[in-house]
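Undergrad:
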Amino acid sequence: MISTLLTRRIWIIKNRLFSTLGLLLILPIFLNVVINLPFKRMVVSPLWDVPHEQWIYPGLTIIVIVMMMIPSVYRDLFELRIHGKLLPSLSLTPISKPLYLYNFVLTIIIESIVYTIIVMVVYSILLAPDFSIVDYLIMFPYLLLFIALGANILISLSLIVNKTTLYNLLMLTFFLFIVFASATVIEFEYFPKVIGNIIRYLPTGQIMHSMRMALFSDVINWLIILASIVTILLWIYINGLLFTKRLQK
Amino acid sequence: MEASITFKKVSQLLDGKTVLSGLSFGIERNSTVAIIGDNDDSGLTEFLRIIAGMNDPNYGSLYIHGFDSIKRRSNIRKLIGYVPFKNDMDPWLTAEQNINFINSFYNLDNKKLKENYKNYIESLDLSSKMNVEVNKLSPGALKKLTLLRELSRDPKVLVLDNPTAFMNAKDIALTWDVLQALKNKLTMIYSSTSLDTIENNHDRILVFHDGKIDLDDNLDSMLKNWMGHYQFTIQFEKILTSLYHKIEKVQNIISPIQKDNTLTFNGDDRSVLLRVMTLLVGVTILDINIKRFHLRDLLEARYMQEGVV
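Structure representation (structure tokens):
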């Protein structure tokens, strides 16, 4: 089934090749101009004692990937569901609905991995961070965890919300949360202590924090990795149930 | 004859309103069944959706080719093809991509699938549409594409919600040519707003009224049972009451009515008119009119009082 879903994603990208590729190249440049350049001037002392480009590199990458992921999930789940397209036919096929959803999550992750590699290359050129190959290899699994978590949040919203206006509002809130409250470009220390402590312990904040610990302090927190994996798997299971319920009627 | 679909006390609620009420009947394998009903067609669509497997019945059981529709759902999926009223194709894919995507989940014999697919593309005149994104196609073309998608899988039961809706005259003819070629090869259940279409394409007509099946037979039998096939109107210069009483007693005459100097009666065939004519020697006739009854006349006569259909 995964090959069928991947083929579908390839067809969709192929049908809109130039806009997808264009977006994938323009977004990192745009975010570099509007986020990285002003933040670099605002931050007086280097965070984690590493150059600003190195510190912000994983955060910016995540923001671009999330931005690329939003239209995919919107299109494949929310829009199709709201307009009664594709999913009714799909619900009549002999495949299991939760299995379809699990494979759908996997497809989004695989697609995002391809985008991640492209964005990482673009930012490696734009920001020129002083990362070794090992640093990239350490960063990659954390990015995957973040992508899987983000994909599940987006899928849940796409399955729960029925109104386009509310959905758009929630997407915007989710995006702002990823940019400003997940330590992608603003460290927890900049928030008032209580708020900083709350968002630090959210799954998104935990993954970002432990990635920077691994990258800049050489400390790998296996407990957080394990907890994130369990959270993601549970979330996928719940999304499977939600998807089945939605397709039943 | 073996049953293709069996309803056992099936009832369905929609927004708290009973749209199907205690349906118990069977549909023979490889027969063509047309359904018509109230203007508020929610009951009909719901009926088709239940057979297609989109919805489960709230009460009762449904069997398709002997399989319980809920307990043996996986056995049924491959047997059914469903063409919904509105197209449900993915707007981001081309027609061909859409069809290949859905059909790939059925694990069917690829060779047979491709062969059917190719044949139906030709019969439905869709070759120029296959590589076009579906959001650029007309609703009529999309309806044909949905039919192509379902037929290419060689279903044993084909459920069609207004199969020619949104189509132009040429496409309607093409589509019915294809569907008529499948007559007696699969069980076909369809709804249509075109009574002429139903009249020409059915083994059986189910007329729904208030969530129940009010009439269930083929048109010939229904006409025979309800009003005869023909209506004869004879306009006399002057008709005597004694003559009218004689005509009333003619064999097989149905509902004779005398109004002024005009006599109207129904009959199953024209021989009734000939029998009446033998009584009219020496009587001056101004005009004779023969009308063949159609489905519309039957429905109008039956539901005129209730404003149905």
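Which chain is which? The protein sequence lines are A and B, in order. Here the first sequence is numbered in my numbering, starting from 1 and rising by one per residue. Here the second sequence is numbered in my numbering, starting from 1001 and rising by one per residue. Backbone N, C-alpha and C define an ideal beta-carbon position, used for all residues, glycine too.
1) Only counting the same chain, and skipping five residues up and downstream in sequence, which positions put a Cβ closer than 7 Å to that of R1049 of chain B?
2) How far does the alpha helix (DSSP H) with A1034 of chain B in it reach, from first residue to last?
3) Going by C-alpha to C-alpha distance, which of A:A183, A:V64, A:R8 and A:L101 sits closest to G205 of chain A?
4) Apart from the five residues just before and just after V230 of chain A, which ones in its own chain have a Cβ nearer than 7 Å to its Cβ?
5) Using DSSP with H/G/I as helix, E/B as strand and the rest coil, what is L202 of chain A?
6) Give the DSSP-derived three-state secondary structure of N1266 of chain B in the structure shown.
7) With DSSP as the reference, label A1003 of chain B as helix, strand or coil.
8) Could you give the first and the last residue of the continuous alpha helix (DSSP H) run that contains H1294 of chain B?
9) Using alpha carbons as the reference points, say which of B:A1003, B:D1268 and B:P1084 lies closest to S1024 of chain B.
10) For F1208 of chain B, which option in B:Q1251, B:L1020, B:N1218 and B:K1009 has the closest C-alpha, if you only look at C-alpha atoms?
11) Roughly how many angstroms lie between the CA atoms of W222 of chain A and L215 of chain A, to the nearest whole one?
12) Quick check: the Cα distance between N162 of chain A and H1294 of chain B, rounded to an integer number of angstroms?
13) Around the C-beta of T1045 of chain B, are 16 or more other C-beta atoms found within 10 angstroms, so that it is buried, or is it exposed?
14) Please list the partners that S89 of chain A has in chain B, where partner means a Cβ-to-Cβ separation under 7 Å.
15) Cβ of A1141 of chain B less than 8 Å from any chain A Cβ?
16) Is R1296 of chain B buried or exposed, if buried means 16 or more other CB atoms sit within 10 Å of its CB?
17) Show which residues of chain B have a CB atom less than 7 Å away from the CB atom of T93 of chain A.
18) Starting from the C-beta of V1132 of chain B, find all residues in its chain whose C-beta is less than 8 Å away, skip the five residues before and the five after it, and write them out in chain order.
19) Spell out whether any CB of chain A is found under 8 Å from the CB atom of Q1097 of chain B.
20) Taking the continuous beta strand (DSSP E) assigned at G1282 of chain B, which residues delimit it?
21) Determine, using beta carbons only, whether P1084 of chain B comes closer than 8 Å to chain A.
22) Alpha carbon to alpha carbon, how far is T1264 of chain B from N1201 of chain B?
23) Quick one: which residues of the segment 4-17 of chain A get their C-beta closer than 7 Å to a C-beta of chain B? List them in chain order.
24) Is there a Cβ of chain A sitting closer than 8 Å to that of D1152 of chain B, yes or no?
25) Would T1032 of chain B and M1222 of chain B be called neighbours here (beta carbons separated by less than 8 Å)?
26) Closer than 8 Å, CB to CB, is L86 of chain A near chain B or not?
27) Let me make sure I understand the geometry here. Which of A:I13, A:F177, A:Y237 and A:L159 has the alpha-carbon closest to that of I198 of chain A?
28) Of all Cβ atoms in chain B, is any one closer than 8 Å to the Cβ of L24 of chain A?
29) Taking R75 of chain A as the query, report the chain B residues whose CB atoms sit under 8 Å from its CB, ordered along the chain.
30) What residue range does the alpha helix (DSSP H) around M1227 of chain B cover?
31) Using a Cβ-Cβ cut-off of less than 9 Å, list which residues of the segment 114-130 of chain A approach chain B; keep chain order.
32) State yes or no: is the C-beta of I1064 of chain B within less than 8 Å of the C-beta of V1159 of chain B?
33) What does DSSP give as the partner residues of D1161 of chain B in its beta bridges?
TA: Here's the rundown:
1) The beta carbon of R1049 of chain B sits closer than 7 Å to those of N1055, all from its chain and outside the five residues before and after it, given in chain order.
2) Where A1034 of chain B is concerned, there is no enclosing alpha helix (DSSP H), although the beta strand (DSSP E) it sits in stretches over T1032 to I1036.
3) Of the candidates A:A183, A:V64, A:R8 and A:L101, the one whose C-alpha sits nearest the C-alpha of G205 of chain A is A:A183.
4) Taken in chain order, the list of residues that qualify is empty.
5) Of the three classes helix, strand and coil, the one that applies to L202 of chain A here is coil, per DSSP.
6) In the structure shown, N1266 of chain B adopts extended strand secondary structure according to DSSP, grouped into three states.
7) DSSP places A1003 of chain B in strand when its eight states are reduced to three.
8) Per DSSP, H1294 of chain B belongs to no alpha helix (DSSP H) and is neither H nor E.
9) Ranking B:A1003, B:D1268 and B:P1084 by Cα distance to S1024 of chain B puts B:A1003 first.
10) Checking every option, the nearest Cα to that of F1208 of chain B belongs to B:L1020.
11) Near 14 Å, if we compare the C-alpha coordinates of L215 of chain A and W222 of chain A.
12) N162 of chain A and H1294 of chain B have their C-alpha atoms some 46 Å from each other.
13) Under a 10 Å Cβ-count criterion, T1045 of chain B is classified as buried, with 16 or more other Cβ atoms of the shown protein chains found around its own Cβ.
14) By Cβ distance, chain B contributes D1088 and I1102.
15) Taking a beta-carbon distance threshold of 8 Å, A1141 of chain B does not count as an interface residue toward chain A.
16) Result: exposed.
17) Within chain B, the residues R1077, I1102, F1105 and Y1106 have their CB atoms less than 7 Å from the CB of T93 of chain A, given in chain order.
18) Excluding five sequence positions before and after V1132 of chain B, the CB atoms of its chain that fall closer than 8 Å to its own CB belong to T1094 and A1095, given in chain order.
19) Yes, because at least one Cβ of chain A sits closer than 8 Å to the Cβ of Q1097 of chain B.
20) Run containing G1282 of chain B: none; DSSP gives neither H nor E here.
21) Cβ-Cβ to chain A under 8 Å: yes for P1084 of chain B.
22) Distance between the alpha carbons of T1264 of chain B and N1201 of chain B is about 30 Å.
23) Residues T4, R8, W11, I12 and N15.
24) One detail in the question is off: residue 1152 of chain B reads as Ser in this sequence, not Asp. No, no contact with chain A.
25) Going by C-beta atoms, T1032 of chain B is not nearer than 8 Å to M1222 of chain B.
26) At a cut-off of 8 Å between beta carbons, L86 of chain A contacts chain B.
27) Distances from the CA of I198 of chain A to each of A:I13, A:F177, A:Y237 and A:L159 were compared; the closest alpha carbon is that of A:F177.
28) With its beta carbon at least 8 Å from every one in chain B, L24 of chain A lies outside the interface.
29) By Cβ distance, chain B contributes W1092.
30) It is not in any alpha helix (DSSP H) - M1227 of chain B carries neither H nor E in the DSSP assignment.
31) None of the residues of the segment 114-130 of chain A has a beta carbon lying less than 9 Å from any beta carbon of chain B.
32) It is not a contact, given that the beta carbons lie outside the stated cut-off.
33) According to DSSP, which records beta bridges pairwise, D1161 of chain B is partnered with B:S1191.
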